[in-house]
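Q: Please see the structure below; I have some questions.
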Amino acid sequence: MSASLIEKLRAIVGATHVLTEGDLSAFEQDWRKRSRGKALAVVRPAGTQQVAEVVKACAAAGTAIVPQGGNTGLAVGSIPDESGTQVLLSLQRMNAIRGIDAANLTMTIEAGCVLQALQEAAEKAGFLFPLSLAAEGSCTIGGNLATNAGGTQVLRYGNARELCLGLEVVTPQGGIWEGTSGLRKDNTGYDLRDLVIGSEGTLGIITAATVKLYPLPAARLTAWAAVPSLEHAVTLLGLAHKHLGSELTGFEVMGRFALSLVDKHMPQLRVPFIDDAAVPYCVLLENSDSESEEHARARFEALLETAFEAGCVSDAVVAENLTQAHQLWHIRESIPLAQAEEGLNIKHDISIPVSSIPAFVAETDALLEREVPGVRLVNFGHLGDGNLHYNVQAPAGAPNGGFLRDHEARINELVYEAVHRFDGSFSAEHGVGSLKVDTLEKHKSPVALEMMRAIKRALDPQNILNPGRVIRT
Ligand SMILES: Cc1cc2nc3c(=O)[nH]c(=O)nc-3n(C[C@H](O)[C@H](O)[C@H](O)COP(=O)(O)OP(=O)(O)OC[C@H]3O[C@@H](n4cnc5c(N)ncnc54)[C@H](O)[C@@H]3O)c2cc1C
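Heads up: take any position in the sequence shown, counting from 1, add 5, and you land on the working numbering.
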């Protein structure tokens, strides 16, 4: 069966694009290197028609398919399982920009287009495509939409879902749904686009998308502010909304320990205020102005003046130029890497209503300290969206492997129960993948779970697309 399927796949995409031997770790290992699967074959189609034919051949053989873009996902949803029976379908060759419609403010691209290439193509045409995240050099727009990615600009422009007007999708039966018209209004029944966005490859394979473009801002300014507490960071967010309105495009919070890891492992980055032990949190703010840099600076200065007077900022620097702004963002984006240098850790990507974040952190920090004395909390994230990367690092000097083995399950339970008490979500950005299937079963309401199962069974009755991910059927 497998041999004849592989022959069929070779006939569809060409023998050189069906990989069955050699080093396939780039496709079979997850980004964090926590899991490794084994594919029956890695298949690299060149176009939508080929994707449809691959899906039909796999469906006829009863073979499961795992769609993959840049393989930067953090929920272990983009690699095959260990059985050696699943086809890994890589969209990376499908990276064409089909077109830009300047009057409609849209761009239509293939799913394997790398996010950074898409941003650059938009900028070259005089527009902004605002989706931005630290993995943008390798993640793809198909993966961004399949996971409904967030990133640093959600505050102003929304998640990937809000940036998408249409999709082209190959169904689990190999049909092609052509929905890339780029309409801003279309109330003709169920919203299939929104069903597929965020479904992590379990309901359809995204082959192309039409996304929104925006005018390029006239100026972008970045500031780094030291705040006396998380409560003050929330107050500063309120002031920033009031002073900057829709020009506030970024608001990131970073705890002292998270920044100390950057300082320790990447000393060349020069973290502002790191030598002042009295600074528990720093905030990175971004202001995108449609008038001029002068206007942006005046607005930023007025905001910071009010914030100083209100006592919610103790010190601040405003980047003088783009290079300095990039350096400040680079510090923020280096936290995950610095954390990895420090050793394995337990990651949580949670959202809580912004107003409850200080109470959540105080309560959960205390719970975890009681559970594992000396535990180190790497707390940072997109505060403007109520989204924290609330990560837990072993006490200094404790062996990493042992910490995960002995404490991961209990720490996850404590954190997710606290998230539930505060009306939050256990997965704000990264999705469910295979990592959080049990957590979903535990924390989603039974009615919601049954609706999700019904949708999966109706659209993919053979359970061909990314089985075992997101929802148990
Ligand atoms: C350093 C770093 C920083 C990150 N920061 C953020 C962040 O700020 N915000 C955020 O939201 N995420 C973040 N992520 C997570 C990750 O980058 C995003 O989830 C990204 O959207 C995944 O895109 P990808 O192309 O790599 O998808 P993959 O990892 O290849 O796949 C992710 C999921 O989507 C499915 N999939 C992929 N392509 C398709 C397709 N064409 N059709 C159907 N299903 C598909 C896969 O099966 C899998 O379930 C970060 C990751 C890293 C490594």
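No residue lacks a Cβ here, since even glycine has one placed at the ideal position from N, Cα and C. A quick note: this is a predicted structure, and the numbers were derived from the prediction, not measured.
Return helix, strand or coil for residue 243, following the three-state DSSP convention.
A: Position 238 of the sequence shown, counting from 1, holds the residue named residue 243. Residue state, collapsed to three classes: helix.
Q: So for residue 103, helix, strand or coil by DSSP?
A: Here residue 103 is taken as the residue at index 98 of the sequence shown, counted from 1. Here residue 103 sits in strand by DSSP.
Q: Please say whether residue 205 and residue 145 have beta carbons closer to each other than 8 Å?
A: Mapped onto the sequence shown, residue 145 falls at position 140. Mapped onto the sequence shown, residue 205 falls at position 200. No. Outside cutoff.
Q: Quick one: any contact between the stretch 443-457 and the stretch 62-82, if contact means 3 or more CB pairs under 8 Å?
A: No, because fewer than three Cβ pairs between the stretch 443-457 and the stretch 62-82 fall closer than 8 Å, the two stretches do not touch.
Q: Going by the CB atoms, is the gap between residue 134 and residue 127 shorter than 8 Å?
A: Numbered from 1 along the sequence shown, position 122 holds the residue referred to as residue 127. Numbered from 1 along the sequence shown, position 129 holds the residue referred to as residue 134. It is a contact, given that the beta carbons lie within the stated cut-off.
Q: Looking at residue 92 and residue 50, is the spacing between their C-beta atoms short of 8 Å?
A: If you number the sequence shown from 1, residue 50 lands on position 45. If you number the sequence shown from 1, residue 92 lands on position 87. No; because the gap between Cβ atoms is not below 8 Å, this pair is not in contact.
Q: For residue 324, which of 353, 289, 314 and 347 has the nearest alpha-carbon?
A: The residue given as residue 324 occupies position 319 in the sequence shown. Nearest C-alpha to residue 324: 289.
Q: Leaving out the 5 sequence neighbours to the left and right, which residues in its chain are closer than 7 Å to residue 238 when beta-carbon positions are compared?
A: Residue numbering aside, residue 238 sits at position 233 when the sequence shown is read from its first letter. Answer for residue 238: 232, 258, 286, 288 and 388, listed in chain order.
Q: What's the gap between the Cα of residue 78 and the Cα of residue 334?
A: Position 73 of the sequence shown, counting from 1, holds the residue named residue 78. Position 329 of the sequence shown, counting from 1, holds the residue named residue 334. Their Cα atoms are separated by approximately 21 Å.
Q: Going by DSSP, what residue range makes up the alpha helix (DSSP H) through residue 288?
A: Here the question's residue 288 lines up with position 283 in the sequence shown. No alpha helix (DSSP H) contains residue 288, which is instead part of the beta strand (DSSP E) from 286-294.
Q: What would DSSP say about residue 220, mapped onto helix, strand or coil?
A: Sequence index remark: in the sequence shown, residue 220 carries index 215 (1-based). Looking at residue 220 - three-state DSSP - the assignment turns out to be strand.
Q: Please tell me whether residue 58 and residue 156 are closer than 8 Å, where the distance is taken between their beta carbons.
A: Residue numbering aside, residue 58 sits at position 53 when the sequence shown is read from its first letter. Residue numbering aside, residue 156 sits at position 151 when the sequence shown is read from its first letter. Not in contact: residue 58 and residue 156 (Cβ atoms no closer than 8 Å).
Q: Measure how close the beta-carbons of residue 312 and residue 241 come, nearest whole angstrom, since I'm counting them as under 8 Å.
A: The sequence position of residue 312 within the sequence shown is 307, counting from 1. The sequence position of residue 241 within the sequence shown is 236, counting from 1. About 5 Å; that satisfies the 8 Å criterion.
Q: Classify residue 39: buried if its beta carbon has 16 or more other beta carbons within 10 angstroms, exposed otherwise.
A: Stepping through the sequence shown from its first residue, residue 39 is reached at position 34. By the neighbour-count rule (16 or more Cβ atoms within 10 Å), residue 39 is not buried but exposed.
Q: Sorted by chain position, which residues of the same chain lie with C-beta nearer than 6 Å to residue 225's C-beta, five sequence neighbours on each side aside?
A: Reading the sequence shown from its first residue, position 220 is the one you call residue 225. Answer for residue 225: 293, listed in chain order.
Q: List the whole-angstrom C-beta distance separating residue 81 from residue 439, where the pair is believed to meet the contact cut-off of C-beta under 8 Å.
A: Stepping through the sequence shown from its first residue, residue 81 is reached at position 76. Stepping through the sequence shown from its first residue, residue 439 is reached at position 434. The pair is a contact, with the Cβ atoms about 5 Å apart (cut-off 8 Å).
Q: Is the closest heavy atom of ligand 1 to the C-beta of residue 206 under 7 Å?
A: Against the sequence shown, residue 206 aligns to sequence position 201. Result yes, Cβ under 7 Å from ligand 1.
Q: Since residue 415 and residue 376 should fall inside the 8 Å C-beta cutoff, what is the C-beta to C-beta distance between them, to a whole number of angstroms?
A: Indexing the sequence shown from 1 puts residue 415 at position 410. Indexing the sequence shown from 1 puts residue 376 at position 371. Yes, they are in contact, since the Cβ atoms of residue 415 and residue 376 sit about 6 Å apart, within 8 Å.
Q: May I ask you to verify whether the stretch 251-266 touches the stretch 206-220, counting CB pairs closer than 8 Å and requiring at least 3?
A: At 8 Å Cβ cutoff, the stretches do not touch.
Q: Quick check: residue 244 and residue 308, are their CB atoms within less than 8 Å of each other?
A: The count along the sequence shown starts at 1 and reaches residue 244 at position 239. The count along the sequence shown starts at 1 and reaches residue 308 at position 303. Closer than 8 Å, so yes.
Q: May I ask you to verify whether the stretch 377-386 touches the stretch 401-417, counting CB pairs closer than 8 Å and requiring at least 3?
A: Contact holds: three or more Cβ-Cβ distances are below 8 Å.
Q: Rounded to a whole number of angstroms, what is the C-alpha to C-alpha distance between residue 5 and residue 148?
A: No answer is possible for residue 5: it lies beyond the span of the chain, which begins at 6 and ends at 478.
Q: For residue 472, count the other beta carbons within 10 Å of its own beta carbon; 16 or more makes it buried, fewer makes it exposed. Which is it?
A: Your numbering for residue 472 matches position 467 in the sequence shown. It is buried - the Cβ of residue 472 has at least 16 other Cβ atoms within 10 Å.
Q: Less than 7 Å between the CB of residue 12 and some heavy atom of ligand 1, yes or no?
A: Counting from one through the sequence shown, the residue named residue 12 turns up at place 7. No; taking the cut-off as 7 Å, the Cβ of residue 12 has no heavy atom of ligand 1 nearer than that.
Q: Looking at residue 279 and ligand 1, is the gap between the Cβ and the nearest heavy atom below 7 Å?
A: Taking the first residue of the sequence shown as position 1, residue 279 is located at position 274. Incorrect: residue 279 has no Cβ contact closer than 7 Å to ligand 1.
Q: Give a yes or no on whether the C-beta atoms belonging to residue 390 and residue 168 are separated by under 8 Å.
A: Taking the sequence shown and counting its residues from 1, one reaches residue 390 at position 385. Taking the sequence shown and counting its residues from 1, one reaches residue 168 at position 163. In this structure, residue 168 does not lie closer than 8 Å to residue 390 by Cβ.
Q: Beta-carbon separation of residue 366 and residue 384 under 8 Å?
A: Numbered from 1 along the sequence shown, position 361 holds the residue referred to as residue 366. Numbered from 1 along the sequence shown, position 379 holds the residue referred to as residue 384. Yes, Cβ-Cβ distance for residue 366 and residue 384 is below 8 Å.
Q: Taking all protein chains shown into account, do 16 or more other C-beta atoms lie within 10 angstroms of the C-beta of residue 474, making it buried, or fewer, making it exposed?
A: Here residue 474 is taken as the residue at index 469 of the sequence shown, counted from 1. That one is buried.
Q: DSSP beta-bridge partners for residue 255?
A: Taking the first residue of the sequence shown as 1, we reach residue 255 at position 250. Bridge partners of residue 255: 291.
Q: Roughly how many whole angstroms lie between the Cα atoms of residue 510 and residue 459?
A: What the structure shows of the chain is the stretch from 6 to 478, and residue 510 is not part of that stretch, so it cannot be assessed.
Q: Output yes or no for whether 8 Å exceeds the beta carbon distance between residue 465 and residue 177.
A: The residue you call residue 465 lines up with position 460 of the sequence shown. The residue you call residue 177 lines up with position 172 of the sequence shown. Yes. Within cutoff.
Q: Here's the rule I'm using: 16 or more other beta-carbon atoms within 10 Å means buried, otherwise exposed. How should residue 330 be labelled?
A: Locating residue 330 in the sequence shown gives position 325, where the first residue counts as 1. Looking at its Cβ environment, which holds 16 or more other Cβ atoms inside 10 Å, residue 330 is buried.
Q: Which class does residue 331 belong to by DSSP, given the choice of helix, strand or coil?
A: Numbered from 1 along the sequence shown, position 326 holds the residue referred to as residue 331. Note: residue 331 maps to helix in three-state DSSP.
Q: To which residues of the same chain is residue 295 closer than 8 Å at the C-beta, ignoring the five residues directly before and after it?
A: If you number the sequence shown from 1, residue 295 lands on position 290. Contacts found: 220, 222, 223 and 252.
Q: Please go through the same chain and pick out, in chain order, the residues whose beta-carbon is closer than 8 Å to the beta-carbon of residue 274, but skip the five residues on each side of it.
A: Here residue 274 is taken as the residue at index 269 of the sequence shown, counted from 1. For residue 274, where only same-chain residues beyond five positions count, the Cβ hits under 8 Å are 267, 268, 332, 335, 336 and 339.
Q: List the endpoints of the continuous beta strand (DSSP E) containing residue 381.
A: Here residue 381 is taken as the residue at index 376 of the sequence shown, counted from 1. 381-387 is the span of the beta strand (DSSP E), which, as asked, contains residue 381.
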